[in-house]
Amino acid sequence: MKGQGMSEQGMGLDIGVLDGEGARQDIPALAAILQDVVANGASVGFMAWNTPADYRAYWAGVAEEVAAGRVLLLAARQAGGIVGTAQLHLIGKPNQPHRAEIAKVLVHSAARRQGIGAALVQKAEALARLHGRSLLVLDTDEASPARRLYARLGWTEVGTIPRYALMPDGGDCASTFFYKELA
Ligand SMILES: CC(C)(COP(=O)(O)OP(=O)(O)OC[C@H]1O[C@@H](n2cnc3c(N)ncnc32)[C@H](O)[C@@H]1OP(=O)(O)O)[C@@H](O)C(=O)NCCC(=O)NCCS
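Position 19 (the sequence shown) corresponds to 23 in the working numbering; numbering is contiguous.
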């Protein structure tokens with residue numbers, strides 16, 4: 005498939021890790037991506053009736069988690085603008101020092117199918133390794149294209165829980181759970 009596996013450079017893509025202040029500064033751009041993703045029908049924690057203020061408040065909370073060192077936040081930029089994002093949640097529990105979770109892998113609808121989602125997940129995996137994590141878990145909407153993405157990147161599908169969440173329009177959303185052991 006054309007372009008798959010291209011380097012970030014080849015795609016004109018720059019994926020960076022934001023610190024707390026960077027995350028705060030990028031709240032408007034991150035909120036715009038979340039709004040676009042929800043408007044396009046993805047089940048990512050929000051409903052169709054959520055407002056731009058809700059999205060900004062969500063990212064302000066993420067920026068605090070980033071500043072506290074509990075969340076690592078990735079921003080993918082093309083031509084200077086943020087087109088995608090992903091999070092790595094470091095699990096603070098004393099009995100799970102080896103585990104982390106990937107969350108909120110979001111690519112703007114206008115920037116999809118160029119490999120940005122895959123690049124974000126691979127970067128999050130690399131960050132997890134750097135932080136000494138050897139086991140990653142995540143869950144995604146059963147019907148999301150993300151399901152194929154994770155399978156392609158070597159994640160193991162555990163199973164699907166029906167009615168786990170709601171779609172933005174109020175319909176039922178089943179969630180599929182994955183894990184990946186990092187070598
Ligand atoms: C899931 C999501 C992150 C994928 O982002 P993306 O940037 O489109 O991902 P990729 O480009 O890496 O892969 C998507 C598809 O494009 C294809 N593709 C990648 N590069 C391509 C290229 N240069 N030319 C043609 N196709 C390409 C991939 O093979 C893949 O195909 P598939 O749908 O048949 O599996 C995006 O659809 C999204 O934000 N969805 C809503 C939110 C969501 O569900 N997030 C996951 C839950 S946390």
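From the three backbone atoms N, C-alpha and C, an ideal C-beta is built for every residue, glycine too.
Counted within 10 angstroms of its Cβ, other Cβ atoms place residue i as buried (16 or more) or exposed
i	result
LYS127	buried
LYS108	buried
GLU185	exposed
LYS6	For LYS6, the predicted structure reports a pLDDT of 39, less than 50, and the residue's modelled location is therefore unreliable. The matter cannot be settled from this model.
HIS135	exposed
GLU25	exposed
GLN29	exposed
GLN13	exposed
ASP145	buried
GLY119	buried
ALA187	exposed
ARG137	buried
SER11	exposed
Pair within 9 Å by beta-carbon distance, residue i and residue j
i	j	result
PRO172	ALA90	no
ILE86	ILE37	yes
ALA191	GLY16	Past the boundaries of the shown model lies residue 191; the chain is included only from 5 to 187, so the question cannot be answered.
ALA150	CYS177	no
HIS112	VAL21	no
ALA67	ALA27	yes
ASP18	VAL70	no
GLY121	LEU153	yes
ALA169	GLY49	yes
GLU129	LEU110	no
Rounded Cβ spacing between residue i and residue j (contact assumed at less than 8 Å)
i	j	result
ALA132	ALA104	5 Å
TYR62	GLN39	Not really, about 10 Å apart at Cβ, beyond 8 Å.
ARG74	LEU92	ARG74 to LEU92, Cβ: 10 Å. No contact.
ALA114	GLY88	Rounded, the Cβ-Cβ distance is 11 Å, inconsistent with contact.
Neighbour flag for residue i against chain D, beta carbons, 9 Å
i	result
ALA90	No chain D appears in the structure shown, which is made up of a single protein chain.
Does the stretch 134-150 come within contact of the stretch 180-187, defined as at least 3 CB pairs closer than 8 Å? Enough Cβ pairs lie closer than 8 Å, so yes.
Check whether the stretch 14-33 touches the stretch 163-170, taking contact to mean three or more Cβ pairs, one atom from each stretch, closer than 8 Å. no
Taking 8 Å as the cut-off, does the stretch 94-101 touch the stretch 47-64 (at least 3 CB pairs, one atom from each stretch)? no
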